[in-house]
Amino acid sequence: MTTNALRPRHIAVIMDGNGRWAEQRRLPRIEGHRAGVESIREVLRAAHELEIPYITLYAFSNENWHRPKEEVNFLMRLLSDYLDKEFEELHKNNIRFQAIGRTDMLPEEIQKKIEKNIKATEHNTALTLTVALSYSGRLELVDAVKKISEKVARGQLRTSEITEAVVSEHLYTQGLPDPDLLIRTSGEMRISNFLLWQMSYTEIYVTDVLWPDFRKQHFFEAVEAYQKRERRFGRTHLTR
Ligand code: IPE
Ligand code: IPE
Ligand code: MG
């Protein structure tokens, strides 16, 4: 199925539809979030099988803080459990764990667990799993502008030296290649403030499958669809 030339190196995923999955079953929304954890495992297995080196998952947006307190609390508990329980599995599978976003907004106990997981897996090489937590693409750009302007003010950088590469290096995703493919589940045709800078030429794949129903097969289908796309980067197919 995959030839090297067409294999996406970096796949970003907007894991959406947990609430609707639960509502369809007349369950509380949190049951959808709980069920969604298995889909994360499936994606990691599928990425491992296809030897995809970078996976980035949108788990909690900065805007998601505005959800009902009980839902936010449940999501934090789920995240805390995930960081405890999946750690062995990630490490065993040679997965490097990273987090992007305003993680300082998260409960302190979770920040510590994130740090612990990052440190313990930093030398793993099979796959880099980046989880977006308290993430906002616009705030990421604001933070980058602040860091760059501080350097200019201190005389460490000239305005004329600011290039696309400089901006990229000051984003949370510094060191990651831009995503080749974005998968969004549950049919929504929007980006919801995810990786705004990084997705300038990302191929977008939207499936109606709700996140808790997302399995390896669906991941393979997305990669197959990607392989049929023609990425032009503004050129014509003749000038590639
Ligand atoms: C995605 O599922 C999970 C998070 C945003 C945390 P939703 O909770 O957004 O599910 P829907 O969109 O309401 O169905
Ligand atoms: C995007 O989903 C955020 C995550 C998946 C974490 P949302 O459900 O929050 O996005 P909107 O509100 O439908 O745009
Ligand atoms: Mg949603």
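Position one of the sequence shown corresponds to residue 406 (our numbering), numbered consecutively onward.
Note that CB positions come from ideal geometry on N, CA and C, so glycine has one too.
Starting from the C-beta of Asn-478, find all residues in its chain whose C-beta is less than 7 Å away, skip the five residues before and the five after it, and write them out in chain order.
none
Look at the Cβ atom of Thr-607, then the Cβ atom of Leu-587, and state whether they are nearer than 8 Å.
yes
Which two residues bound the contiguous alpha helix (DSSP H) that contains Tyr-487?
474 to 490
Taking just the CA atoms, how far does Gly-437 sit from Arg-425?
Take the alpha-carbon of Arg-425 and the one of Gly-437: they are about 8 Å apart.
Would DSSP call Asn-598 helix, strand or coil?
coil
Chain-order list of residues whose beta-carbon lies under 8 Å from that of Glu-514 (same chain, five-residue window excluded)
In chain order, Ser-485 place their CB closer than 8 Å to the CB of Glu-514, counting only its own chain and leaving out the 5 sequence neighbours on each side.
So what does DSSP say about Ser-591, is it helix, strand or coil?
In the three-state DSSP reduction, Ser-591 falls in the coil class, being neither helix nor strand.
Fully enclosed by the segment 409 to 476, which alpha helix (DSSP H) runs are 4 residues long or longer?
423 to 429, 434 to 455
Please name the residue, chosen from Glu-475, Pro-433, Lys-521, Glu-456, that lies closest to Phe-625 on a Cα-to-Cα basis.
From the listed residues Glu-475, Pro-433, Lys-521, Glu-456, the smallest Cα separation to Phe-625 is found for Glu-456.
Pull up the CB-CB distance for Leu-601 and Gly-542, whole angstroms please, since I reckon it's below 8 Å.
4 Å
Going by Cα to Cα distance, which pick from Tyr-463, Arg-414, Leu-449, Pro-473 is closest to Gly-422?
Tyr-463
Would you call the segment 536 to 550 and the segment 613 to 623 touching, i.e. three or more CB-CB distances under 8 Å?
no
Within a Cβ cutoff of 6 Å, which residues of the same chain sit near Arg-634, ignoring the five residues on either side of it in sequence?
Glu-608
Would Thr-461 and His-415 qualify as a contact pair, given that the criterion is a beta-carbon distance under 8 Å?
yes
Under 7 Å from any heavy atom of ligand 2, does the C-beta of Tyr-487 make it?
no
Do Glu-476 and Arg-431 have their CB atoms nearer than 8 Å?
no
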